[in-house]
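Engineer: Below: one structure in C-alpha cells.
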Amino acid sequence: MSVFALVLVVLSAVIHASWNLLGKSRTPTPAFFCVASLGAGLLLVPVIWVVLTSASPLPFTYWLLLTVSSFCQMVYMASLARAYQLADVGVVYPIARALPVLMVAVASTLLGQSMPLLAWAGMVLVTLGCLMVPVVSFRRWQWRAYWQGGCLWALLAAMGTAGYSVLDNHALAVMTGHYQHALPSLWIAFGYLGMQFIVTGLWLLLWCCSDAGRRQLRQGWQDRRVALLTGSMMGGTYGLVLLAMTLTENVSYVVALRQLSIPVGVGLGIWLLREPAHRPRLVGAGLVCLGLVAVSLR
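Here it is in C-alpha cells:
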C-alpha cells in the first residue's frame, strides 16, 4: 500500500468521525440529514448527468436496488440522528460503525462461507468492545446500560448500514455490467453515490411530512450551511476511500485502516464535546477497532 493511499484513508477516517461529531453538535434530526443528503447529491449532479447519458437507460433492477438501498440509508441516518439526541458520540459511533461489519460477517457464515480463525477472533473482540462502550464503570456493570435509547437507535442505524452495504454491492455490479468499459469505475461509483444521496434525501423528506417533521425541516434549512458542509464531508470521505481503493492491490488494507475513525470519533467527542472518558468506553473502542482490523484482514 502506497504512502499516498495510506494518507487518503487516514484523512477519510478523520473526516468520517468529524461529520458525525458535527452532526451531534447541532442536535441532529432527520431533517438535518435530509438537507445534508440533498445538498451532497446536488453537488454530484454533473457526474450523474455524464453517467446517465453515456449509455442506454439503466435496467429496472438497478433502480429497485437503488430505491431500497436508499431506504436503508434513510433508516441509518434517521436512527443515527435519534441516537445522537439520546447518547454521546463515544457510545453511538463505535456501535453504529462496528456492528454492520459483524452482521455481514455472521450473515456470510450462515450462508455457508467459511471464515478463518483471525476473523472469528476479530468478531469476538468487536462484540466485547460493543458491550463495554455503554458501561460507565467496570465495578458498576448493569444490564440497564444496554437498554438506553441511544444504544437501541445505534443498533437500528447499524442494521440500516448493513442493509445498504449489501444492496450497494449488487447495484454497483449491475451498473458496472451495464456500462462495461464506457466509463471508468470511479465515475460509476461517484454517479451511484450522487443518485443514492438524492433518493435518500427524498426518503427523509417523506419522513418529515408530519407537523414535527416540517418544523425540523425549517430548522434544518436555517442550519443549511452546516448541513451542506456535513453532506459534503459525507460524500468526500467515501470519495477518498474509492480513490484509495484504485491505488491499492489489497482492498482489505483500506477497509481495515478505515476503522481508525472509531478511536478518532471517541477522542474528538471527549476533547471537543467534553464527553466523559469512562475507562470501559476507551477500552471498548480500542477492542472494536482491533476486532474490525482483524475481520477486514481475513
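Taking UniProt numbering, I'd label the letters of the sequence shown as residues 1 to 298. Backbone N, C-alpha and C define an ideal beta-carbon position, used for all residues, glycine too.
State buried or exposed for residue 53, treating a residue as buried only when at least 16 other CB atoms are found within 10 Å of its CB.
Structural biologist: By the 10 Å Cβ count, residue 53 comes out exposed.
Engineer: Express the C-alpha separation of residue 20 and residue 84 in angstroms, rounding to a whole number.
Structural biologist: Using only the alpha carbons, I get a separation of about 9 Å.
Engineer: Quick one, are the C-beta atoms of residue 294 and residue 94 less than 7 Å apart?
Structural biologist: No, they are not a contact pair.
Engineer: When you compare the CB positions of residue 106 and residue 154, do they come within less than 7 Å of one another, or not?
Structural biologist: In this structure, residue 154 does not lie closer than 7 Å to residue 106 by Cβ.
Engineer: If we call anything under 7 Å between Cβ atoms a contact, is residue 228 one with residue 23?
Structural biologist: For residue 228 and residue 23, no; Cβs fall outside 7 Å.
Engineer: How big is the Cα-Cα spacing for residue 275 and residue 268?
Structural biologist: Whole-angstrom Cα-Cα distance: 9 Å.
Engineer: Could you please give the first and the last residue of the uninterrupted alpha helix (DSSP H) stretch that includes residue 46?
Structural biologist: First-last of the alpha helix (DSSP H) with residue 46: 45 to 52.
Engineer: Are the CB atoms of residue 30 and residue 204 within a distance shorter than 7 Å?
Structural biologist: It is a contact, given that the beta carbons lie within the stated cut-off.
Engineer: Could you check whether the region 71 to 80 touches the region 151 to 167, counting it as contact only if at least three pairs of C-beta atoms, one from each stretch, sit closer than 8 Å?
Structural biologist: Yes: at least three Cβ pairs fall under 8 Å.
Engineer: Just curious, the alpha helix (DSSP H) that residue 57 is in, first and last residue?
Structural biologist: Run containing residue 57: none; DSSP gives neither H nor E here.
Engineer: Please report the residue range of the alpha helix (DSSP H) in which residue 203 lies.
Structural biologist: Unbroken alpha helix (DSSP H) run through residue 203: 185 to 207.
Engineer: Considering residue 127, what are the terminal residues of the alpha helix (DSSP H) in which it resides?
Structural biologist: Counting along the chain, the alpha helix (DSSP H) containing residue 127 begins and ends at 117 to 132.
Engineer: How should residue 56 be labelled, buried or exposed, when 16 other C-beta atoms within 10 angstroms of its C-beta is the threshold for buried?
Structural biologist: Result: exposed.
Engineer: Does DSSP put residue 32 in a helix, in a strand, or in coil?
Structural biologist: In the structure shown, residue 32 sits in a helix (DSSP, three-state: H, G or I).
Engineer: Quick one: measure Cβ to Cβ for residue 241 and residue 18, integer angstroms, because I've assumed they're closer than 8 Å.
Structural biologist: Not a contact, Cβ separation roughly 15 Å.
Engineer: From this set, 266, 81, 59 and 235, which residue's C-alpha is nearest residue 173's C-alpha?
Structural biologist: Here the closest residue by C-alpha is 59.
Engineer: Give the single residue among 80, 6, 35 and 129 whose Cα lies nearest to the Cα of residue 283.
Structural biologist: Nearest of 80, 6, 35 and 129 to residue 283, Cα basis: 129.
Engineer: Tell me, to the nearest whole angstrom, how far the beta carbon of residue 5 is from that of residue 244; I am working on the premise that it is less than 8 Å.
Structural biologist: The Cβ separation is near 5 Å, so the contact holds.
Engineer: Roughly how far, in whole angstroms, is the beta-carbon of residue 32 from the beta-carbon of residue 220, given that I think they are within contact range, below 8 Å?
Structural biologist: Between residue 220 and residue 32 the Cβ distance is about 5 Å, and since that is below 8 Å, they are a contact.
Engineer: Nearest to residue 292 by CA position, among 88, 99, 69 and 42, is which residue?
Structural biologist: Residue 99 is the option with its Cα nearest to residue 292.
Engineer: Return helix, strand or coil for residue 230, following the three-state DSSP convention.
Structural biologist: Helix.
Engineer: Let me check understanding here. Comparing Cα to Cα, which of 151, 137, 168 and 272 lies closest to residue 63?
Structural biologist: That would be 168, whose Cα lies nearest to the Cα of residue 63.
Engineer: Along the chain, where does the alpha helix (DSSP H) that runs through residue 168 open and close?
Structural biologist: Element bounds for residue 168: 149 to 179.
Engineer: Output the distance between the C-alpha atoms of residue 125 and residue 277, rounded to the nearest integer angstrom.
Structural biologist: When rounded, the distance between both Cα atoms is 20 Å.
Engineer: Is it the case that the Cβ atoms of residue 171 and residue 66 are separated by a distance below 7 Å?
Structural biologist: Taking 7 Å as the Cβ cut-off, residue 171 and residue 66 qualify as a contacting pair.
Engineer: Going along the chain, which residues of its own chain have a beta-carbon closer than 7 Å to the beta-carbon of residue 214, five neighbours each way excluded?
Structural biologist: Same-chain partners within the cutoff: 208.
Engineer: Going by Cα to Cα distance, which pick from 288, 115 and 230 is closest to residue 15?
Structural biologist: Of 288, 115 and 230, the residue nearest in Cα terms is 230.
Engineer: Put residue 78 into one of helix, strand or coil per three-state DSSP.
Structural biologist: Helix, per DSSP.
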